[in-house]
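Numbering (the UniProt record's numbering), first residue to last: 1 to 306. All C-beta atoms, glycine included, are put in the ideal place defined by N, C-alpha and C. Computed from a predicted structure; not experimentally measured.
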C-alpha cells in the first residue's frame, strides 16, 4: 500500500475524532516511519531537532492508540494502519456458503459516513439479490421440469458445490439458470449474477465482489482495491452467509476446440479458484454455464453433485 493512501485514511480518522487534520510534522513523521527512517533522519528533512520529532511522534502514537484500540509504536504503526485500513474497507464482507457463477453489474449504494450497529444489523438481515445483468425472467420455459428438479436436488438437497450447465449455443442454458434462480432464491442470503464479458479477468471479478459485499466502504482507489485483493481470499468469505453466484459465458475463458481444462492465456487462475471452491468445506456449490467446463470442475461436479 502506498503512503498517500495511508496518510489520507489516517487524516480522516483523526479529523473525525478531533476535528483537526494532521499537521505537516505529523505527516512527515508518518511518512518517514512508513519508509523505516529514524527520527534523526526525519528531523533533518524537517529542519528541527530529533528530540522535538520524538516528542511529537510519541503524542501521535498515543492518539492513534486511543483511536485504534491498540498500542501503537514506531515499530508497529505501519502494520497496524494497514490492518485498520483493510478492516475498514472489508467490513461486512461476507460472500457465503453457496456459489453460482454467471454474470452481474450493479449500482452500489451511496457510501455512508456513519457506521451504526443498528443499521449494520438491519442490512445484514436483509437478503441481497442482484440480478441486474441476468436476462428478464420468463416463466414460459417448456419441457425443463426434469432439469430444474435435478438442479434443485443437487444444490438444495445434496449441497453440490459446483454444477455445470453445458450444451450447444442457443439451447437455453442461461434461460434455464435464470428460472432456477427464481425458484430457489428464497434459500439464499446473497445472489449474484455475473457475466464474464463484464469482468474479463479474475482480478476484475474479485474487485467487483469486494466492492459488492462492502457497499458502505467502497473505494475507487486502485491502490486500495489491489491491497484488499492481496489480503482477501474469496474462499475466506464463503463462510458466513448462504450465497449463490452465477457466472455466465464462462466458456470465454477456455481455449476453443481444445480438450477441457485448457484455459486461454491469462485465465489459468480461474481453474485454480474453481478447484479450491470444489474442495472447500461442505455447503458451497456453484452453477456454471460454460460450453466446455474444465476437467477439475467436472471431476468435482461428479464427486459432489451427482
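*Continuous alpha helix (DSSP H) stretch holding residue 42: start and end*: Segment 39–46, the alpha helix (DSSP H) holding residue 42.
*Just tell me which of 176, 143, 165, 128 has its CA closest to the CA of residue 136.*
176
*Helix, strand or coil: how does DSSP classify residue 164 here?*
strand
*Taking DSSP as the reference, what is the three-state secondary structure of residue 81?*
helix
*Candidates 143, 180, 132, 173: closest to residue 155 by CA position*: 180
*Pair every Cβ in the segment 41–52 with every Cβ in the segment 62–70, then say whether three or more of these pairs are closer than 8 Å.*
no
*Is the number of C-beta pairs between the segment 239–255 and the segment 189–203 that are closer than 8 Å three or more?*
Contact between the segment 239–255 and the segment 189–203 is present, because at least three Cβ pairs lie under 8 Å.
*Helix, strand or coil: how does DSSP classify residue 121 here?*
With a pLDDT of 42 at residue 121, under the threshold of 50, the predicted position of this residue should be treated as unreliable, though the coordinate-derived value follows. Residue 121 falls in the helix class under three-state DSSP.
_Alpha-carbon spacing of residue 174 relative to residue 128, whole angstroms_ = Straight-line Cα distance between these residues: approximately 21 Å.
_Please tell me whether residue 309 and residue 6 are closer than 8 Å, where the distance is taken between their beta carbons._
Missing from the structure shown is residue 309; the chain here goes from 1 to 306 and no further.
*Is residue 273 closer than 8 Å to residue 202 when the C-beta atoms are compared?*
Cβ distance < 8 Å, so residue 202 and residue 273 count as in contact.
*Looking at the unbroken alpha helix (DSSP H) that takes in residue 30, where does it start and where does it end?*
24–34
*Terminal residues of the continuous beta strand (DSSP E) containing residue 197?*
Careful: residue 197 lies outside any beta strand (DSSP E) and carries neither H nor E.
*Would DSSP call residue 12 helix, strand or coil?*
Shown here, residue 12 sits in a helix according to DSSP, grouped into three states.
*CB residue 80 to CB residue 56, shorter than 8 Å?*
no
*Note down, in chain order, each residue of its chain lying with its Cβ closer than 7 Å to the Cβ of residue 38, except the 5 sequence neighbours on either side.*
By the criterion of a C-beta distance shorter than 7 Å, residue 38 is surrounded by no residue of its chain, once the five residues flanking it on both sides are discounted.
_Rounded to whole angstroms, what is the Cα-Cα separation between residue 189 and residue 244?_
8 Å
*So residue 191 packs on residue 152, CB below 8 Å; how close in whole Å?*
About 15 Å separates the beta carbon of residue 191 from that of residue 152, a gap too long to meet the 8 Å contact definition.
*Excluding sequence positions up to five away, which residues of its chain have a Cβ less than 8 Å from the Cβ of residue 138?*
175, 178, 179
*Status (buried if at least 16 other CB within 10 Å, exposed otherwise) for residue 204*: exposed
*Around the Cβ of residue 160, are there at least 16 other Cβ atoms within 10 angstroms (buried) or fewer (exposed)?*
buried
*residue 14 and residue 25: beta carbons closer than 8 Å?*
Contact: no.
_Contact test: residue 265 Cβ vs the ligand SAH heavy atom, cutoff 7 Å_ = Ligands displayed in this structure: none; no statement on the ligand SAH is therefore possible.
*For residue 252, name the three-state secondary structure that DSSP assigns.*
helix
*Can you tell which of 143, 256, 166, 262 has the C-alpha that lies nearest to the C-alpha of residue 247?*
166
_Three-state class that DSSP yields for residue 138 in the structure shown_ = In this structure, residue 138 counts as coil in the three-state DSSP scheme.
*Quick one, are the C-beta atoms of residue 41 and residue 32 less than 8 Å apart?*
Yes, they are a contact pair.
*asked:* Considering just the uninterrupted stretch of the alpha helix (DSSP H) at residue 51, what are its terminal residues?
replied: Start and end: 50–68.
_Between 157, 182, 144, which has its C-alpha nearest residue 134's C-alpha?_
182
*asked:* Can you give me the C-alpha to C-alpha distance between residue 255 and residue 209, rounded to a whole angstrom?
replied: 25 Å
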